[in-house]
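Read the structure below first, then the notes.
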Amino acid sequence: MTVQELPGTTAYRPVPPPAWKPLTDPSPLLPDREPFRVLGTPAAAGVEAALLVRIHAELVRGRRFNTQATALTKQGRLAVYPSSTGQEACEVAAALVLEQRDWLFPSYRDTLAAVARGLDPVEALTLLRGDRHSGYDPREHRVAPLCTPLATQLPHAVGLAHAARLKGDDVVALALVGDGGTSEGDFHEALNFAAVWRAPVVFLVQNNGFAISVPLAKQSAAPSLAHKGVGYGVPGRLVDGNDALAVHQVLGEAVARARRGDGPTLVEAVTYRMEAHTNADDATRYRSDSEVLAWRDHDPIRLVEDEMTRRGLLDEETAGRARDAAERMAAGLRERMNTDPALDPAGLFSHVFSGPTSQLAEQEARLRAELAAERDEADGAEAGR
Amino acid sequence: MTVQELPGTTAYRPVPPPAWKPLTDPSPLLPDREPFRVLGTPAAAGVEAALLVRIHAELVRGRRFNTQATALTKQGRLAVYPSSTGQEACEVAAALVLEQRDWLFPSYRDTLAAVARGLDPVEALTLLRGDRHSGYDPREHRVAPLCTPLATQLPHAVGLAHAARLKGDDVVALALVGDGGTSEGDFHEALNFAAVWRAPVVFLVQNNGFAISVPLAKQSAAPSLAHKGVGYGVPGRLVDGNDALAVHQVLGEAVARARRGDGPTLVEAVTYRMEAHTNADDATRYRSDSEVLAWRDHDPIRLVEDEMTRRGLLDEETAGRARDAAERMAAGLRERMNTDPALDPAGLFSHVFSGPTSQLAEQEARLRAELAAERDEADGAEAGR
Amino acid sequence: MTTAATEAPAVRRAKPATMAQALGRALRDAMAEDPSVHVLGEDVGTLGGVFRITDGLAKEFGDDRCTDTPLAEAGILGAAVGMAMYGLRPVVEMQFDAFAYPAFEQLASHVAKMRNRTGGAMPMPLTVRIPYGGGIGGVEHHSDSSEAYYMATPGLHVVTPATVEDAYGLLRASIASDDPVVFLEPKRLYWSKSDWSPEEPAPVEPIGRAVVRRPGRSATLITYGPSLPVCMEAAEAAVAEGWDLEVVDLRSLVPFDDGTVAASVRRTGRAVVVHESTGFGGPGGEIAARISERCFHHLEAPVLRVTGFDIPYPPPMLERHHLPGVDRVLDAVARLQWEARS
Amino acid sequence: MTTAATEAPAVRRAKPATMAQALGRALRDAMAEDPSVHVLGEDVGTLGGVFRITDGLAKEFGDDRCTDTPLAEAGILGAAVGMAMYGLRPVVEMQFDAFAYPAFEQLASHVAKMRNRTGGAMPMPLTVRIPYGGGIGGVEHHSDSSEAYYMATPGLHVVTPATVEDAYGLLRASIASDDPVVFLEPKRLYWSKSDWSPEEPAPVEPIGRAVVRRPGRSATLITYGPSLPVCMEAAEAAVAEGWDLEVVDLRSLVPFDDGTVAASVRRTGRAVVVHESTGFGGPGGEIAARISERCFHHLEAPVLRVTGFDIPYPPPMLERHHLPGVDRVLDAVARLQWEARS
Ligand SMILES: Cc1ncc(C[n+]2csc(CCOP(=O)(O)OP(=O)(O)O)c2C)c(N)n1
Ligand SMILES: Cc1ncc(C[n+]2csc(CCOP(=O)(O)OP(=O)(O)O)c2C)c(N)n1
Ligand SMILES: [Mg+2]
Ligand SMILES: [Mg+2]
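Here the protein sequences come in this chain order: A, B, C and D.
For the first sequence, this note's numbering assigns the number 1 to the initial residue and increments by one for each residue that follows.
For the second sequence, this note's numbering assigns the number 1001 to the initial residue and increments by one for each residue that follows.
For the third sequence, this note's numbering assigns the number 2001 to the initial residue and increments by one for each residue that follows.
For the fourth sequence, this note's numbering assigns the number 3001 to the initial residue and increments by one for each residue that follows.
Dropping the structure here:
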């Protein structure tokens, strides 16, 4: 086709080019300018006492889980622990808003969310203890393996949610990712697929200010990370990530929206990583104590307790019950993590494929022979003693 | 840190959490709801006649380049040609807004932009003829190799622009990508790096409605592709991609902004691919003739000619001059593409590394021996005839 | 698993069938038999794929079973992982070899590892179809032989057919497998033909078994995918030189059929590995090393390799110089130290 | 190129130096000498990298020379390609082996191909530093041996030091090279020490030359990177068994030093390749095949391989069973058909 071939002399019509139309109205997709809050606002009064008490207990238990796990690293019982201390409101709310049939896709920092969802803490910690990559059956509690390669779990969540929808199942997937993780291409591709497929999935970005040592300002120049939603046709919501009631409400709405068939939501929770990146990290290299201190005033448990106090809900009995439950969990964890896990080295070959290949069978036999020889030697040494 | 350790009883302060502040004001980053237009609006009258005439001549030449290249595929002189017919306004404007010292990063469909920037058409077409992957020195006209893996050229443009800025050079990079290419992770990562680094780079998305057979609606659910900008803190601009004056103006402003040190811009040009994806594609499988026809009324050359006619600028001399220049280019191209390119198979080894490795030297010697034997055989056959 | 196509196919095709048709038929039959099989990729729906392998599937099974995705390979494979986690059997089409690279992390870090990571709890019954190799005049990035990457990734099966029948049988077996399979389609054989017709039920080949395509006594040519026809032609041409070559088609690079390969080489005492992938770090090194380990005392000559050069894939006009052809295979056979035997 | 460090380093370090320090010093010296050298990656600036290799560079040279990037590996490498196109010499740090996979397309389709594609007009003087391998108790995805992927990609040099001195010398040479280098850092040797001090000028080793670390006559152990100490220890232990083992440290997998390797094996007549990467499709296949091709008539036994198993990298508590240790090396040496010689 050349211009010469064009028919006639129709005058230029200043109409939108034929294929273009705004696909969606952008306004409802944009986040508010301030993070959404409930605690410390009049809305807090409307929240049911039972929910407040439940969330408080979960937060206290969550904090205790974090401190206990960190203690276990010092005792050499955990190789490494990326603590979510300070982020418990997000972790706990993510677990609470889901139904049993829903799925959670945690990142490597979200052991707590998995535990709050019902996972056995010892099984949830195998990755970080180093005995198994993922010590639980993901299908049992519908928790995907804790994901180490950043943002790669997001397309999984989309695919799973999409599959469930295709099968006609009422299942929502909630995927967790960090502020740093939003920079990865997988974040982009997952959000886009979710939007195009209208998949019932909720993305929760825990913006805790840092990706290891890299502060948000070096990670993004966006008005907020929630502003990324509109570029996919996904509503972006900004929430105070230390306000457990706010996170619970915003995530709850997003899950409900997904369940209704209205598609994905991107939630940015503004929070703060109170500890170093992991126990192996030295946070003093890249941030000041005063910054950390400022966030103590905004502690998620504290905020909830202030509201409970205001409403007379934080009596000694309630506080004690929460504390006791947390201590029981911690004691159980301590005890069970104190024994060395039973491990069968020959099991290294058992699950590479559904059945053994001749190559792996050969290698397994070789390892078994080595292990037998080792045992014989040890027995010999013992007998000789 | 546990909650118990928290100091005192300071009341909850409903202030933004310490680390959070909106990084940028989102409003100026959002595109207008309608694509920006000049032609057919009062603003067209303000455009200098010389510019109009120049753009017209380039468009005519560009269209002729497209039809000639397509014709060469039919004659077997080009292996494949992804035509930009219908998109000439974008291709030409992208070339015109850049200074000599600036860089252009074309995708595989943008041979025309490279040629409009001054590249020898025969050298620009080697990729598609099949004699060389990239037949020109990118440094000569500051045109990166035509890029086949979609969106991968975008981070290159960012890196180059960033490097130039670090060196204190006044250089802007303009990178081209398709609507489909925006779905790739590399698009996301490039936009984000550009924003964080405030790199002097302009991204032009030619939204031509399709990625091969996949229509935009299956590619994105965003209000527009320009709405992706705000998620990086990058202004998004929406422009009628068939309105050469509008594209020229919007790209010009974006380039000027980058040059001023104000960082990247994302421009979405709404246009249409009038031909099939390439000559090897059958577009009737996925779109209707009526859709294509509707876009004929919005042809970029036509729009410019209407304006020229209105202003009395499209006299026979001007039109003839443009046509003649285009025909000269086409004739030269035809003629030069009619000879087989001289190729040295042993040259396959010359540029893998800066110097030969012993492995490659061995392999080259083997190939040379084969070629010599082939020649001897051919000579023998000739002598025997 | 059965292969019976109980209903007539949507379109009656005349004999002979092409490899492209056989692949399409395998997808169709798998989808018809098992509603959990889903096809996804770029242009696989309305267009039927750039090689038309998925032609008709969206029409027959609907967009939800054969889905045009956004243009993002990591997203496609990542979504397929999630679909497999929910119990579906996704079949992903990568448009070309080099365009599978954006999905490399998903493949190496998740697809290959998910079952193992979860102690068997979470299998990955997922097939990634990748058209690979050159010889079709493709522009840059459209002709890579990327099998070495997948072979070096434990947890993946790597399968590649060389005949029309195997295209059907191996693809059916790959889709039916509870393990992830990288299914490499030799694109220059897409239009190769066979008398087998898609109307006939074809055997589903178990994954992991090589096959002797031509028995012979002088030496063994070990090959797969696009290089099988080259080796068959070379074997015919070798007769005139007095060599009776055996040709082994590996069909599956992982798992590797050591039994068939070693038995052949022990019989013939000489071996040449032929593939179009680059030589250095390519599959041939592994294959030659395995043969030497297993057949050392039977070898009359070192195992030789005939491969593409160690260079980025050349532009179309030069690719014939890169691709191993009959002459190079025969040259290698000639270098197998024939004097040594006597 | 000279190696002279004319000024004293920012921090005086006591002897002995670690490999980590040597790498840091190499970066520092390269940056001091050549203003076009730029370091970029995740956490390389303020933190000095998770392994502290880049410690102090941002302070000494500024954020623009040593840059904390957003968290996106394809973006990092892609931006580095653009920087190289403009004449800089970027040195990219990937935080761990498996986290280089998102950048695979940029590496395979651009870094490796840019010079060749442009007929030499656009070189890629770019170094990608990747900490690799296991043995440090890393959680999943932190212990991959990914060298096979890079070896199979023509256009890349692949270099890996095994000693503190080489860490300095090879990194300097890699940064100075006009070709792209994948520089693999054996992370479990980061804290290995040597008497060499960063105060002394160290020799810049040319890329592509293997070195005999221990001369011997009975058999040759061929290895690189993290497995060198294992082989050295095995060679010492072998003395008691009556074997005098030669140990060759490859140092560079691409280009490959066929000369040094073949000369050694021709001398000893027996060879074992040792690496911790998985065996199948790993570097050992290529190496063994090359040796067999070149030294066939000198070989008293097949070239054997001692490698990691063909499994995804195990969890920390089991990794010692996976990693080739001294015993497995000695076992392989014992299987070298010693009776055959007599
Ligand atoms: C693909 C990938 N690249 C790099 C890493 C190494 N890494 C682990 S955690 C981390 C920072 C993550 O930051 P963010 O996403 O903000 O999560 P947070 O740690 O704050 O929870 C990095 C770079 C990784 N795990 N995966
Ligand atoms: C990474 C990658 N994936 C797939 C392809 C194959 N491919 C070539 S062009 C194309 C469609 C591109 O669509 P768009 O970005 O809209 O550009 P257009 O063709 O419309 O100019 C596809 C899928 C590719 N070149 N690169
Ligand atoms: Mg973070
Ligand atoms: Mg398009």
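Built from N, CA and C at the ideal position, the CB exists for glycine as well.
Quick caveat, the model's predicted, so the values are computed rather than measured.
>> What would DSSP say about A:Met1, mapped onto helix, strand or coil?
In response: The predicted model places A:Met1 with a pLDDT of 28, which falls under 50 and marks its position as unreliable; any figure quoted below should be read in that light. If DSSP states are grouped into helix, strand and coil, A:Met1 belongs with coil.
> Going by C-alpha distance, which of A:Gly233, A:Arg237, A:Ala226 is nearest B:Gly1233?
Replying inline: Closest by alpha carbon: A:Ala226.
> Which residues count as close to ligand 6 when the rule is a CB under 6 angstroms from any of its heavy atoms, in chain order?
Replying inline: Annotation note on ligand 6: not contained in the displayed structure, which lists ligand 1, ligand 2, ligand 3 and ligand 4 as its ligands.
> Quick one: what's A:Asn207 bridged to in DSSP?
Replying inline: A:Val270
> Between D:Ala3103 and D:Leu3077, which are expected to be in contact by the criterion C-beta below 8 angstroms, what is the C-beta distance as a whole number of angstroms?
Replying inline: 4 angstroms
> If you measure from the CB of C:Arg2328, is any heavy atom of ligand 4 nearer than 7 angstroms?
Replying inline: no
> Using the C-alpha atoms, what's the distance from D:Leu3088 back to D:Ala3234?
Replying inline: D:Leu3088 has its alpha-carbon roughly 43 angstroms from the corresponding atom of D:Ala3234.
>> One question on the structure: do C:Phe2061 and C:Val2128 come within less than 8 angstroms of each other, judged by their Cβ atoms?
In response: no
>> Is the beta carbon of D:Leu3057 closer than 8 angstroms to that of D:Val3039?
In response: yes
> The beta strand (DSSP E) with C:Arg2335 in it runs from where to where?
Replying inline: Where C:Arg2335 is concerned, there is no enclosing beta strand (DSSP E), given that its DSSP letter is neither H nor E.
> Which chain D residues are close to C:Thr2260, counting only those with a beta carbon under 7 angstroms from its beta carbon?
Replying inline: Within chain D, no residue comes near C:Thr2260; the closest Cβ sits about 17 angstroms away, beyond 7 angstroms.
> Which chain A residues sit within Cβ distance under 9 angstroms of B:Pro1030?
Replying inline: According to the sequence provided, residue 1030 of chain B is Leu. The question's Pro does not apply to it. Residues of chain A with a Cβ closer than 9 angstroms to the Cβ of B:Leu1030 are, in chain order, Pro26, Leu30, Val230.
> Secondary structure at C:Leu2170, three-state DSSP: helix, strand or coil?
Replying inline: helix
>> Just to make sure I have the definition right: I need the residues of chain A whose C-beta is within less than 7 angstroms of the C-beta of C:Phe2256. Which are they?
In response: Gln359
> What's the gap between the Cα of A:Arg311 and the Cα of A:Val250?
Replying inline: 23 angstroms
>> Could you tell me the alpha carbon to alpha carbon distance between C:Pro2198 and C:Phe2309, rounded to whole angstroms?
In response: 37 angstroms
>> Bridge partners for D:Ala3271 per DSSP, in chain order?
In response: In the DSSP secondary-structure assignment, D:Ala3271 is bridged to D:Thr3220.
> Cβ atoms of B:Ala1244 and B:Leu1059: under 8 angstroms apart, would you say?
Replying inline: yes
> Sorted by chain position, which residues of the same chain lie with C-beta nearer than 6 angstroms to A:Ala95's C-beta, five sequence neighbours on each side aside?
Replying inline: Ala113, Ala116, Arg117
> How big is the Cα-Cα spacing for C:Arg2267 and C:Arg2217?
Replying inline: 7 angstroms
>> Please report the straight-line C-alpha distance between C:Met2001 and C:His2157, rounded to a whole angstrom.
In response: Any reading at C:Met2001 is ruled out, since the residue's pLDDT is 34, under 50, leaving its predicted position unreliable.
>> Can you check whether the C-beta of A:Ala369 is within less than 8 angstroms of a C-beta belonging to chain C?
In response: no
>> Using only CA atoms, which one of A:Ala173, A:Leu303, A:Tyr286, A:Asn207 lies nearest to C:Tyr1981?
In response: Given a span of 2001 to 2342 for chain C in the structure shown, any question on residue 1981 of chain C remains unanswerable.
>> Give me the subset of the region 171-192 of chain A whose CB atoms are less than 8 angstroms from a CB atom of chain B, sorted by chain position.
In response: Ser183, Glu184, Gly185, Asp186, Phe187, His188, Glu189, Asn192
>> Contact between the region 2036-2055 of chain C and the region 120-127 of chain A is defined here as three or more beta-carbon pairs at a separation below 8 angstroms; is this criterion met?
In response: no
> Using DSSP with H/G/I as helix, E/B as strand and the rest coil, what is C:Pro2226?
Replying inline: helix
>> Does A:Ser358 pass the burial test, meaning 16 or more other C-beta atoms within 10 Å, or should it be called exposed?
In response: exposed
> Mind pulling the chain C residues with CB within less than 8 angstroms of D:Ser3292?
Replying inline: Ala2288, Ala2289, Ser2292, Pro2302, Val2303
>> If contact is defined by three or more beta carbon pairs under 8 angstroms, each pair taking one atom from either stretch, is the region 1263-1277 of chain B in contact with the region 257-264 of chain A?
In response: The region 257-264 of chain A vs the region 1263-1277 of chain B: no contact.
> Just the Cα atoms here: how many angstroms apart are C:Glu2042 and C:Ala2072?
Replying inline: 8 angstroms
>> Can you tell me whether A:Glu184 sits near ligand 1, meaning its C-beta is under 7 angstroms from at least one heavy atom of the ligand?
In response: yes
>> Tell me which residues share the same chain as B:Arg1063 and place their Cβ nearer than 7 angstroms to its Cβ, disregarding the 5 neighbours each side in the sequence.
In response: Thr1085, Glu1088, Ile1301
> Helix, strand or coil: how does DSSP classify D:Phe3183 here?
Replying inline: strand
> Leaving out the 5 sequence neighbours to the left and right, which residues in its chain are closer than 6 angstroms to B:Glu1305 when beta-carbon positions are compared?
Replying inline: Leu1314
>> Quick check: what's the CA-CA separation for B:Ser1350 versus B:Met1337?
In response: 25 angstroms
> Who are C:Lys2193's beta bridge partners in DSSP?
Replying inline: C:Thr2018
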